[in-house]
Amino acid sequence: MKCECYLGIVFFVLLFIGCQSSRPLLSAKEDSVSPVEIQVKQHSEPNKISPEDRQNLRDWLSVFYRGNKKPEWKEAREKILKLGSAGSEAICIFMLKFFYGGKKKIALADRDEDVARYWEQAKEELSYLKGDAVPYILYTMSHPSIGSTGRMLCSQTLVKIGKPSLDPLIQNMEKGTRSFQRSVIETLGNLDHPKAAMAISNLYCRLPIPLKKNIDIADELQDDDTFDLRFSAIKALGVLSYPDGLKAIEKALDDTNSLVVKESLKALLNFNGEECLPILKKSLEKVNHPVFSGYRKKIENKLFLLNQE
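Numbering (our numbering), first residue to last: 43 to 351.
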């Protein structure tokens, strides 16, 4: 289901819960290469919530400002969740407004508040909801107006949630804006799962690479539309260090961009096991080039250690 299908429902909830922010969570403008695909397990039906419950939602959510470790908030949270999908949706959107605020102050009902003090608490509350929160976090991370700080917080929360984030992230690796795609790759790289490594490796192998050029020229980033994605993919595979990522790392040794090649050499040093031996040996040819000679000793030491095992 495309995110646009339920967006009206989501933001109607945002309005009726009175999230206290004078700034809308998301603008209407979408600047996406391809729409992000998100599925909500169960839609809320705001029109069926009584005026009394709407007022209760406002009151219960405001308890969060006293601190999410307080018994009063835990009690309020349980009351909200008893409202079903509308309750969990309300908590998600309420917490995500703190991410959308970035490093700026936002206007609350009676004061200006530095949202940064609530970041960790909001991450905890969203991770408490586990898979139910993933669609809302993912959509927020995809929005062009969220900013780098907001995307980082969304990414950290998805990692904190763990496995329920995996498939939705993989499904959207090539959706949305370029900034979102890089965030998806980085998030998958921090999820520590072989399925993430396989998905990122396959993505790298699909990405177009510019024609071969002199590796010493200074303008090698020009006319290289996929450099950022290739670089992010190889960096993430180095963090994951699963054998499923070796195919892409081997291919990256022949990338026409020296920065990607350097990242592949760096990533290769994180691998252990006999699977990486052929690629390490191949990389010895690459480090003969002056641009990569700084990696020669490290590659040789890695080969020596693995051959001793």
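We treat Cβ as the ideally placed atom computed from N, Cα and C, and that holds for glycine.
- In the DSSP secondary-structure assignment, Glu327 is not bridged to any residue.
- For Phe141, the uninterrupted alpha helix (DSSP H) run begins and ends at 127-142, by DSSP.
- When the Cα atoms are used, Phe313 and Leu168 turn out to be separated by approximately 33 angstroms.
- Unbroken alpha helix (DSSP H) stretches of 4 residues or longer found wholly inside the segment 288-319: 288-294, 300-310, given in chain order.
- Less than 8 angstroms divides the Cβ of Asp286 from the Cβ of Pro236.
- In the three-state reduction of the DSSP assignment, Glu216 falls in the coil class.
- Cβ contact annotation for Ser76 (same chain, cutoff 6 angstroms, sequence separation greater than five): Lys217, in chain order.
- Counting only residues of its own chain and dropping the five nearest sequence neighbours on each side, Leu301 has a CB closer than 7 angstroms to the CB of Phe273.
- Bounds of any alpha helix (DSSP H) do not take in Lys90, whose DSSP letter is neither H nor E.
- Per DSSP, Lys205 lies in no alpha helix (DSSP H) segment and is marked neither H nor E.
- Shown here for Ser207: same chain residues with a beta carbon closer than 6 angstroms to its own, the five before and five after excluded, namely Val176, Leu200 in chain order.
- By the CB criterion at 8 angstroms, Ile212 and Cys196 fall outside the cutoff.
- Taken through DSSP and simplified to helix, strand or coil, Glu167 comes out as helix.
- If you draw a straight line from the Cα of Asp174 to the Cα of Val82, it is about 7 angstroms long.
- Here Cys318 is buried. Its C-beta has 16 or more other C-beta atoms within 10 Å.
- Here Ser325 is near Leu310, since their CB atoms are less than 8 angstroms apart.
- Under the three-state reduction of DSSP output, Glu162 falls in the helix class.
- The beta carbon of Lys205 sits closer than 8 angstroms to those of Leu233, His235, all from its chain and outside the five residues before and after it, given in chain order.
- Around the beta-carbon of His185, 16 or more other beta-carbon atoms lie within 10 Å, marking it buried.
- Excluding its 5 nearest sequence neighbours in each direction, Ala239 has C-beta neighbours in its own chain below 7 angstroms: Leu279, Leu282, Tyr284, Asp286, Gly287, listed in chain order.
- In the three-state scheme derived from DSSP, where H, G and I count as helix and E and B as strand, Glu79 is classed as strand.
- Taken through DSSP and simplified to helix, strand or coil, Asp101 comes out as helix.
- Per DSSP, Phe269 is one residue of the alpha helix (DSSP H) stretching across 269-282.
- Ile188 sits close to Tyr142, with the two beta carbons spaced by under 8 angstroms.
- Taking the Cβ atoms as the reference, Pro252 lies roughly 5 angstroms from Thr298, within the contact range of under 8 angstroms.
- For Lys237, the enclosing alpha helix (DSSP H) starts and ends at 236-248.
- Judged by DSSP in its simplified three-state form, Gly192 adopts helix.
- Distance from the CA of Leu322 to the CA of Val226, rounded to the nearest whole angstrom, comes to 28 angstroms.
- Of the residues assessed, Arg159 falls on the exposed side of the cut-off, its CB having fewer than 16 other CB atoms within 10 angstroms.
- The beta carbons of Ile80 and Ala128 sit no closer together than 8 angstroms.
- In this model, Asp296 and Thr191 are separated by some 34 angstroms (Cα to Cα).
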